[in-house]
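Student:
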Amino acid sequence: MPAGKPCRCGKRGCLDTVASLTAIFEQARMEGIEATSLAELEALARKGHSGAIHILHQAGDALGMAISHQIQTHDPAAIMLAHQPDSFQGLLNTVMQQAIETYLLPGMAGKTPLIYRPLEQDSWALAAASVALTHVLFPEY
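Going by this note's numbering, 131 is the number at position 30 of the sequence shown; the sequence numbering is gapless.
(1) Classify R218 as helix, strand or coil using the three-state DSSP reduction.
(2) To the nearest angstrom, how far is the alpha carbon of C108 from that of L122?
(3) Apart from the five residues on each side of it in sequence, which residues of its chain come closer than 6 Å, Cβ to Cβ, to G165?
(4) Residues in its own chain within less than 6 Å of I133 by CB, not counting five upstream and five downstream?
(5) Is it buried or exposed, G211, if we count other Cβ atoms within 10 angstroms and call 16 or more buried?
(6) What number of angstroms, rounded off, separates the C-alpha of S151 from the C-alpha of A129?
(7) Nearest CA to the CA of A183: which residue from P219, F126, G114 and V237?
(8) Is it buried or exposed for S224, if we count other Cβ within 10 angstroms and need 16 for buried?
(9) For my contact list, L193 and I154 are in at a C-beta cut-off of 8 Å; report their separation, rounded to the angstrom.
(10) Give me the Cα-Cα distance between A226 and Y217, rounded to the nearest whole angstrom.
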């Protein structure tokens, strides 16, 4: 989103500015919401808090759009979402899944399963090793 918020990478409108935990909690603070976890924000949304609902809708829609683009571009066998506990058990997940189906071409809807995997202590190290190995094995990318 070229007109979006500035990102820490130096560009504007990156997914990180809308759907990262940092962005979600920053938006919550700006709206006067004192949530420190997605579970707290989800609980507020269930109680009808309009600010919490808006934040979760915005993040879920952005995630869903990004995932739909990956599905349409790469046609993967599955999409894995590594997450913190309780991250995808409420409105955020519902909106994300609706957005995926909305933004996908009709012939691709419902064909790519989402796999949810909680982050573990070694998840970041495994991800870093994967990126490094990709650069070694496929230097042209």
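Using N, Cα and C, we set each Cβ at its ideal position, and we do this for glycine too.
Tutor: So, from the data block:
(1) For this step, residue 218 is matched to residue 117 along the sequence shown. Annotated three-state conformation of R218 is strand, per DSSP.
(2) Within the sequence shown, numbered from 1, the residue matching residue 108 stands at position 7. Within the sequence shown, numbered from 1, the residue matching residue 122 stands at position 21. Their Cα atoms are separated by approximately 14 Å.
(3) Here residue 165 corresponds to residue number 64 of the sequence shown, with the count starting at 1. If the five residues before and after G165 are omitted, its C-beta is found closer than 6 Å to the C-beta atoms of M197, A200 and I201, all from its own chain and listed in chain order.
(4) The count along the sequence shown starts at 1 and reaches residue 133 at position 32. For the sequence presented, residue 133 should be read as Gly rather than Ile. Around G133: no qualifying Cβ.
(5) Reading the sequence shown from its first residue, position 110 is the one you call residue 211. Residue burial is scored here from C-beta neighbours: G211 has fewer than 16 other C-beta atoms within 10 angstroms and is therefore classed as exposed.
(6) Taking the sequence shown and counting its residues from 1, one reaches residue 151 at position 50. Taking the sequence shown and counting its residues from 1, one reaches residue 129 at position 28. If you draw a straight line from the Cα of S151 to the Cα of A129, it comes to about 11 Å.
(7) Looking up residue 183 in the sequence shown gives position 82. Of the listed residues, the one whose Cα sits closest to A183 is P219.
(8) Taking the first residue of the sequence shown as 1, we reach residue 224 at position 123. Within 10 angstroms of the beta-carbon of S224 lie fewer than 16 other beta-carbons, which makes it exposed.
(9) The residue labelled residue 193 in the question sits at position 92 within the sequence shown. The residue labelled residue 154 in the question sits at position 53 within the sequence shown. Contact flag wrong, Cβ pair sits at about 10 Å.
(10) In the sequence shown, the residue the question calls residue 226 occupies position 125. In the sequence shown, the residue the question calls residue 217 occupies position 116. One C-alpha to the other measures close to 19 Å.
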